[in-house]
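Q: Protein chains in written order, with our numbering: chain A, 36 to 386; chain B, -12 to 311. Encoded as structure tokens, here's the structure I'll be asking about.
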Amino acid sequence: MTTTETPATTAPAPTASGRRLTTAKAMVEGIAQEMERDPSVFYLGEDVGAYGGIFSSTTGLLERFGPDRVMDTPISESAFLGLATGAAVEGMRPIAELMFVDFFGVCMDQLYNHMAKIHYESGGNVRVPMVVTTAVGGGYSDGAQHSQCLWGTFAHLPGMKVVVPSTPYDAKGLITAAIRDDNPVVYMFHKGVMGLPWMAKNPRATGPVPEEPYEVPIGKAAVVREGRDATVVTVSLSVHHALDVADELAADGIDLEVVDLRSLKPLDRETVLVSVAKTGRLLVVDEDYLSYGLSGEIAATVAETDPGLLRSPVRRVAVPDVPIPYAHPLEYAVLPTRDRIREAVHQLVRA
Amino acid sequence: MDSGLRLSLYRTMVLIRVFEEAILREYHADKRPAFDIGAGLVPGEMHLSAGQEPVAAGVCAHLTAGDAVTATHRPHHLAIAHGVNLDRLAAEIFGRETGLGRGRGGHMHLFDPDTHFSCSGIIAEGYPPALGQAFAFHRQGTDRVAVAVTGEGAANQGAFHESLNLAALWRLPVVFVVEDNDWGISVPRSASTCVTSNAIRAAGYDMPGERVEDNSVEAVYEAAGRAVARARAGEGPSLLEVHTLRMWGHFEGDAQAYRTDLEGVPGRDPIATYEHALRSAGLLDDGQVKTVNEDAVARVEAAIAFAKSSPEPAPETATEYVFA
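See the structure below:
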């Protein structure tokens, strides 16, 4: 067991660089810089080599680092995720990709019973410094088995950190922090924020990214838009939607504050509470399922701390406990679309 | 075989048996008259390994503390044979702060970085992490190996087959060991497994497969030697199945009403068999047997006393060690 010394880095401001990258390219740059710095870092998964990752999470890494450090695996998620855990126990820093988070059913034992529990079961004597990268989210008619977010499931289970970037800047800073972390970190990237040329995207999927390595601290949310009238707490692609709605509603005189959680475990409850204390109104937007998940956790955080912060009841926009449908009109009826967010904000500020 | 080695194998098996008998005694001591699985100084499920000592002694005799061993829900024999500290092992079983996992793990979840020993309570799921240990050893430029142990029931799990394929594909220095004790809790191998020997499954993964039929520690030692040597030489994994013996219940409290083979169990005790063989070879006499047993008892009782005198973890520390 070894712990790699990591250089101290001060995160540069997102606007400090004029260079703009897609989220996918920012993520890959972060991985490449850590692989350059630390020879114990390697990447393995399905189609992460010559293909470069189905969602461009590893583009160019094979060419740069070779097949000993960027490894295509058999379609054997239990075997290769468990391999990553064992290698991490012995001092390496693996990054293992689960192509779609929906596939967790074939390998979850390795993740929640092994990767996430070994440190605790060993009384802190064994560390498991690894990253699981995985694509999440829907919106492109991939159906019920290829469109889920499921971050609430992972964040519910103890022993693994969960980070969910929404911007290129955070994508690079969070992957860097995840690789350097001495704990298992599940890094969930929404296909819709990656800036892929073959999928509809928000302009926010491209943004300024400093060239030098930097960390975005795990467990720290960001107030990505300041406002007075209501707080929208959300994560991932829904941050893009919430900011779009906030821009529209500003013209109607509604001033929204938007909180991008960025990390779900640990959860930055303080930033949520400070914002709600300011606005008195809370809308949680979550592309995961409604019940027993993130939206309930945020609402409970406020209720447990001081329900008196709220001038009106909490509202939630999430997937209403149905499998993600295939047909476009059905899928967009259940996703947290701009229309659903706008409607919920209107109800919230009228209440 | 060298007589010193034969005596060493015998001593290891006796130490394991004495340890398991002591845990058996302590486990049941405060669960009378009515058996309550959650009561007493050693609560919870308890899977003891009496009868399976030849696997642990024969395989681990080829290993050093730098090699990894991944065991199952029935792990004590392998932990002891691989050299896990007896005091800290016993303390973990007693749920004490001085245990391997500071009382957070328990007898199915043992982790010892000093000897690279670990176990998994989930059938077959100890195999994949062993691949990673082997991968790391190879990448670090060493000739260390990882030994991954399961029971015969695990050979019907997906993780077993995924692991054999990946280990062979990447030529990882792994020795896969299957302890066939005939029973998956109450289900006999004949009702769970379509092949008479799991060793033949190795052919499907282009690796050597070998089955030791008679629970002989020397036969295990010889077969394991071939597999370990192959792994150390960088030639890839092997699969070794040992037809061993579960002398006691699946867990303590198991009445074993389903078992049709119990009558023959005493006659199959591998330690008694080996002791007889060593006596016949002139390597053991009454005095030496007594000495070996007394030495084992002294070490085991010291470990039990260490465990019992160690502090319990403080309740307010229950949420520590989730993250590093």
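All C-beta atoms, glycine included, are put in the ideal place defined by N, C-alpha and C. Computed from a predicted structure; not experimentally measured.
Quick one: which unbroken beta strand (DSSP E) runs of 3-plus residues sit fully inside the region 280 to 351 of chain A? Chain order, please.
A: 291 to 295, 298 to 300 and 317 to 324
Q: Under 8 Å by Cβ, that's how I've got B:Q39 and B:L270 pegged, so tell me the actual separation to the nearest angstrom.
A: Residue mapping note: residue 39 of chain B aligns to position 52 of the second sequence, counting from 1. Residue mapping note: residue 270 of chain B aligns to position 283 of the second sequence, counting from 1. Wrong, their Cβ atoms sit about 23 Å apart, outside the cutoff.
Q: Under 7 Å between C-beta atoms, does B:H94 make it to chain D?
A: Of the chains in the structure shown, none is chain D; the protein chains are A and B.
Q: Give the secondary structure of A:T166 by DSSP, where H, G and I count as helix, E and B as strand, and everything else as coil.
A: Residue 166 of chain A sits at position 131 when you count from the first residue of the first sequence. Per the sequence shown, the amino acid found at residue 166 of chain A is Val instead of Thr. In this structure, A:V166 counts as strand in the three-state DSSP scheme.
Q: Output yes if chain A places a C-beta closer than 7 Å to the C-beta of B:G89; else output no.
A: What you label residue 89 of chain B is simply residue 102 of the second sequence in a count that begins at 1. The residue asked about is misnamed: residue 89 of chain B is Arg in this sequence, not Gly. Taking a beta-carbon distance threshold of 7 Å, B:R89 counts as an interface residue toward chain A.
Q: Pick helix, strand or coil for B:I10, following the three-state DSSP scheme.
A: What you label residue 10 of chain B is simply residue 23 of the second sequence in a count that begins at 1. Helix.
Q: For A:L370, which three-state DSSP category applies?
A: Counted from its first residue, the first sequence places residue 370 of chain A at position 335. Coil at A:L370, not helix or strand.
Q: Taking A:R260 as the reference, give the member of A:A379, A:A122 and A:I289 with the closest Cα.
A: Along the first sequence, one-based indexing puts residue 260 of chain A at 225. Comparing Cα positions, the closest option is A:I289.
Q: Taking 7 Å as the threshold (C-beta atoms), are B:A294 and B:A9 in contact?
A: Residue mapping note: residue 9 of chain B aligns to position 22 of the second sequence, counting from 1. Residue mapping note: residue 294 of chain B aligns to position 307 of the second sequence, counting from 1. Cβ atoms of B:A9 and B:A294: not closer than 7 Å.
Q: Nearest chain B C-beta to A:S91 closer than 7 Å, yes or no?
A: The residue given as residue 91 of chain A occupies position 56 in the first sequence. Proximity of A:S91 to chain B, defined by a Cβ-Cβ separation below 7 Å, is not satisfied.
Q: Any C-beta of chain B sitting closer than 7 Å to the C-beta of A:V221?
A: Along the first sequence, read from residue 1 onward, the residue named residue 221 of chain A stands at position 186. For A:V221, the answer is no, since every Cβ of chain B falls outside 7 Å of its Cβ.
Q: Would you report the Cα separation of B:E307 and B:G86, rounded to the nearest angstrom?
A: Counted from its first residue, the second sequence places residue 307 of chain B at position 320. Counted from its first residue, the second sequence places residue 86 of chain B at position 99. Those two C-alpha atoms are separated by around 15 Å.
Q: Excluding five sequence neighbours on each side, which residues of the same chain lie with their C-beta closer than 6 Å to the C-beta of A:H225?
A: Position 190 of the first sequence holds residue 225 of chain A. If we look at A:H225 and ignore the five residues flanking it on each side, its Cβ neighbours are V171, G172, S271 and L272.
Q: Is any beta-carbon of chain B found at less than 7 Å from that of A:S111?
A: Here residue 111 of chain A refers to the residue found at position 76 of the first sequence. Interface residue, yes.
Q: I need the boundaries of the beta strand (DSSP E) containing A:K196, first residue and last residue.
A: The residue you call residue 196 of chain A lines up with position 161 of the first sequence. Start and end: K196 to V198.
Q: Going along chain A, which residues have a C-beta under 8 Å from B:G363?
A: Any question about residue 363 of chain B goes unanswered here, given that chain B covers just -12 to 311.
Q: Could you tell me the alpha carbon to alpha carbon distance between A:S91 and A:D73, rounded to whole angstroms?
A: In the first sequence, the residue the question calls residue 91 of chain A occupies position 56. In the first sequence, the residue the question calls residue 73 of chain A occupies position 38. Those two C-alpha atoms are separated by around 22 Å.
Q: Determine, for A:D217, whether the minimum Cβ-Cβ distance to residues of chain B falls below 7 Å.
A: Position 182 of the first sequence, counting from 1, holds the residue named residue 217 of chain A. For A:D217, the answer is yes, since a Cβ of chain B falls inside 7 Å of its Cβ.
Q: What does B:I80 reach in chain A if we use C-beta pairs closer than 8 Å?
A: Position 93 of the second sequence, counted from the start, is the residue given in the question as residue 80 of chain B. Chain A residues near B:I80: none, gap ~14 Å exceeds 8 Å.
Q: When the distance is taken between beta carbons, is B:G93 closer than 7 Å to B:R83?
A: Indexing the second sequence from 1 puts residue 83 of chain B at position 96. Indexing the second sequence from 1 puts residue 93 of chain B at position 106. Contact annotation: B:R83 and B:G93 have beta-carbon atoms that are not nearer than 7 Å.
Q: Note down, in chain order, each residue of its chain lying with its Cβ closer than 6 Å to the Cβ of B:A290, except the 5 sequence neighbours on either side.
A: For the purposes of this step, residue 290 of chain B is identified with residue 303 of the second sequence, where counting begins at 1. Same-chain partners within the cutoff: L73, D74 and A77.
Q: With DSSP collapsed to three states, give me the class of B:H94.
A: The sequence position of residue 94 of chain B within the second sequence is 107, counting from 1. B:H94 falls in the coil class under three-state DSSP.
Q: Take A:L325 and list the residues in its own chain whose beta-carbon comes closer than 7 Å to its own, dropping the five residues that flank it on each side.
A: Looking up residue 325 of chain A in the first sequence gives position 290. Cβ neighbours of A:L325 beyond the five flanking positions: R351, A353, V354, P355 and D356.
Q: Should the region 198 to 207 of chain A be regarded as contacting the region 242 to 251 of chain A, the criterion being three or more beta carbon pairs within less than 8 Å?
A: yes
Q: Quick one: give me the first and last residue of the alpha helix (DSSP H) that B:L73 is part of.
A: In the second sequence, counting from the first residue as 1, residue 73 of chain B sits at position 86. Per DSSP, B:L73 belongs to the alpha helix (DSSP H) from L73 to I80.
Q: Go through its chain and collect everything with a Cβ distance to A:V294's Cβ below 8 Å, but skip five positions before and after it.
A: Mapped onto the first sequence, residue 294 of chain A falls at position 259. Contacts found: A256, A257, V258, V259, T266, V267, V268, T269, T306, V307 and S310.
Q: Does the region 180 to 194 of chain B touch the region 48 to 60 of chain B, meaning 3 or more C-beta pairs lie closer than 8 Å?
A: no
Q: Opposite B:S105 in the DSSP bridges: which residues?
A: Residue mapping note: residue 105 of chain B aligns to position 118 of the second sequence, counting from 1. B:T57 and B:F98, per the DSSP bridge assignment.
Q: Answer yes or no: do B:V164 and B:A218 have a C-beta to C-beta separation smaller than 7 Å?
A: To locate residue 164 of chain B, count along the second sequence from 1; it is residue 177. To locate residue 218 of chain B, count along the second sequence from 1; it is residue 231. The Cβ atoms of B:V164 and B:A218 do not sit closer than 7 Å to each other.
Q: Is there contact here, the region 109 to 124 of chain B with the region 113 to 124 of chain A, by at least three beta-carbon pairs under 8 Å?
A: yes
Q: Please state if the CB of A:C184 and the CB of A:E366 are separated by a distance shorter than 7 Å.
A: The residue labelled residue 366 of chain A in the question sits at position 331 within the first sequence. The residue labelled residue 184 of chain A in the question sits at position 149 within the first sequence. No, these two residues do not count as a Cβ contact at 7 Å.
Q: Let me confirm a value: A:K152 is counted as buried when at least 16 other C-beta atoms fall within 10 Å, else exposed. Which label applies?
A: Reading the first sequence from its first residue, position 117 is the one you call residue 152 of chain A. Buried, by the Cβ-count rule.
Q: So which residues of chain A does B:V309 contact, with C-beta pairs closer than 8 Å?
A: On the second sequence, residue 309 of chain B is found 322 positions in, with the first residue counted as 1. What B:V309 touches in chain A: H154, Y155, P193 and G194.
Q: With a threshold of 6 Å, establish whether the CB of B:P298 neighbours any heavy atom of the ligand ZN.
A: In terms of ligand content, the structure shown is empty, and the ligand ZN therefore cannot be addressed.
Q: Examine the Cβ distances between the region 9 to 18 of chain B and the region -7 to 1 of chain B and report whether three or more of them are shorter than 8 Å.
A: no
Q: What do you get for B:K277, buried or exposed, if any count of 16 or more other CB atoms within 10 angstroms of its CB means buried?
A: If you number the second sequence from 1, residue 277 of chain B lands on position 290. Under this definition B:K277 is an exposed residue.
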